[in-house]
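So the sequence lines, in the order shown, correspond to chains X and C.
The first sequence begins at 312 in our numbering and counts up by one.
The second sequence begins at 1324 in our numbering and counts up by one.
Note that the Cβ used here is the ideal one computed from N, Cα and C, for glycine as well.
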Amino acid sequence: KAGVTQTPRYLIKTRGQQVTLSCSPISGHRSVSWYQQTPGQGLQFLFEYFSETQRNKGNFPGRFSGRQFSNSRSEMNVSTLELGDSALYLCASSLETGGTEAFFGQGTRLTVV
Amino acid sequence: GESVGLHLPTLSVQEGDNSIINCAYSNSASDYFIWYKQESGKGPQFIIDIRSNMDKRQGQRVTVLLNKTVKHLSLQIAATQPGDSAVYFCAENRPGYSTLTFGKGTMLLVSP
Chain X
312 KAGVTQTPRY LIKTRGQQVT LSCSPISGHR SVSWYQQTPG QGLQFLFEYF
362 SETQRNKGNF PGRFSGRQFS NSRSEMNVST LELGDSALYL CASSLETGGT
412 EAFFGQGTRL TVV
Chain C
1324 GESVGLHLPT LSVQEGDNSI INCAYSNSAS DYFIWYKQES GKGPQFIIDI
1374 RSNMDKRQGQ RVTVLLNKTV KHLSLQIAAT QPGDSAVYFC AENRPGYSTL
1424 TFGKGTMLLV SP
C-alpha cells in the first residue's frame, strides 16, 4: 500500500509569507504527527492530530498551526515566516494515537529567504 | 531534563562488520521505543520497535536490545553493508503521551 505522502517536496518562501504543507497518511491510519527537523535541533515535535482533533502540541509559537480532515489528510500552516523556519518538515502517520509504529513521509524542505 | 540521547555521533565500520548503535533514555516510564534510519534527503524509515516488556527483538539483520535497568537501548546491525550508511535515530514514547521523543542521531558510515 502507499506510504505517507507529503507535498510539496521543496518550497522556497520569503520572510513574512505564509506556507501550507500537506500530508496524506497511510490508508487506514488516523493519527498524523508533524515534526520539524533542523541540523541544530534534530527532530522536534510540532503537533499531532487524531480523528480531526489536535491531541498534543509541541513547544512552537502560534505561527505554527495545523488541521486534519475527515479523510485523515493533514495540513500544517506557518504564518509570518522567519529565516529560522527553514527546515525539513516531516509528517508521520500511525494507525492509532500514541506514537506507536509511526511511519514517516519524505518531508517538505522549506527554505525561507 | 528528560531526553533521549545517543553516545556516539559517528560510527565508522567496514563492510561485513557488525555495527552497534547505542541510545540512552532518561525517562524510566517510557514503554515503547523505535529505531529509525534516515538517508540523506529522505524521511526517517522505520526499522524496528520494542516494548518495555521485552529485552530483545530481532528483525532482518537487525536486533534491538533494551536494558531497562540502566535505561539503555541498542541497535545491532549484522553484516553491515554500504547501503546501511545513514543516520540512525532512537525514539521513545511515554504512556499518556501521543508523541515520540527523538535522540540526536548517530551517523553510520560503512566503507566497502
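Close beta carbons around residue i, own chain, < 6 Å, minus the five adjacent residues each side
i: C:SER1434; result: GLN1337
i: X:GLU359; result: SER344, ARG366, ASN367
i: C:GLY1382; result: ILE1371
i: X:GLN328; result: LEU392
Span of the beta strand (DSSP E), counted from its first residue to its last, around residue i
i: C:ASN1345; result: 1342 to 1348
i: X:ILE337; result: It is not in any beta strand (DSSP E) - X:ILE337 carries neither H nor E in the DSSP assignment.
i: X:ARG320; result: Taken as a continuous stretch (DSSP letters only), X:ARG320 belongs to no beta strand (DSSP E), as it is neither H nor E.
i: X:SER397; result: First-last for X:SER397: undefined, no H or E at that position.
i: X:LEU421; result: 419 to 423
i: X:GLN329; result: Counting along the chain, X:GLN329 falls outside any beta strand (DSSP E), and DSSP gives it neither H nor E.
i: X:LEU406; result: Counting along the chain, X:LEU406 falls outside any beta strand (DSSP E), and DSSP gives it neither H nor E.
CA nearest to the CA of residue i, picked from the options
i: X:TYR346; options: C:THR1429, C:THR1422, C:LEU1432, C:LEU1431; result: C:THR1422
i: X:SER381; options: X:ARG320, X:GLN417, X:SER338; result: X:SER338
i: X:CYS334; options: X:GLN417, X:THR422, X:LEU421; result: X:GLN417
i: X:ARG374; options: X:VAL330, X:THR318, X:GLY314, X:VAL315; result: X:VAL330
i: C:SER1375; options: C:GLY1426, C:SER1351, C:LEU1432; result: C:SER1351
i: C:LEU1413; options: C:ILE1373, C:ALA1402, C:ASP1407; result: Looking at the sequence shown, residue 1413 of chain C is not Leu but Cys. C:CYS1413 has its Cα closest to that of C:ILE1373, out of C:ILE1373, C:ALA1402, C:ASP1407.
i: X:ILE323; options: X:GLY353, X:ALA313, X:VAL389; result: X:VAL389
i: X:SER397; options: X:LEU332, X:GLN352, X:VAL423; result: X:VAL423
i: C:LYS1427; options: C:TRP1358, C:GLY1364, C:PRO1418; result: C:TRP1358
Environment of residue i [buried if 16+ CB atoms lie within 10 Å]
i: X:THR419; result: buried
i: C:LYS1379; result: exposed
i: C:MET1377; result: exposed
Beta-carbon proximity list for residue i, same chain, < 7 Å, skipping 5 on both sides
i: X:SER253; result: Only positions 312 to 424 of chain X appear in the structure, and residue 253 of chain X is not among them; the question remains open.
i: C:PRO1332; result: THR1429, MET1430
- Of all the beta strand (DSSP E) runs that stay within the bounds of the stretch 342 to 387 of chain X, which reach a length of 3 or more residues? 342 to 349, 353 to 361, 364 to 368, 375 to 379
- Counting only runs of 3+ residues fully inside the stretch 1378 to 1419 of chain C, write out the beta strand (DSSP E) ranges in chain order. 1379 to 1381, 1385 to 1390, 1395 to 1400, 1409 to 1416
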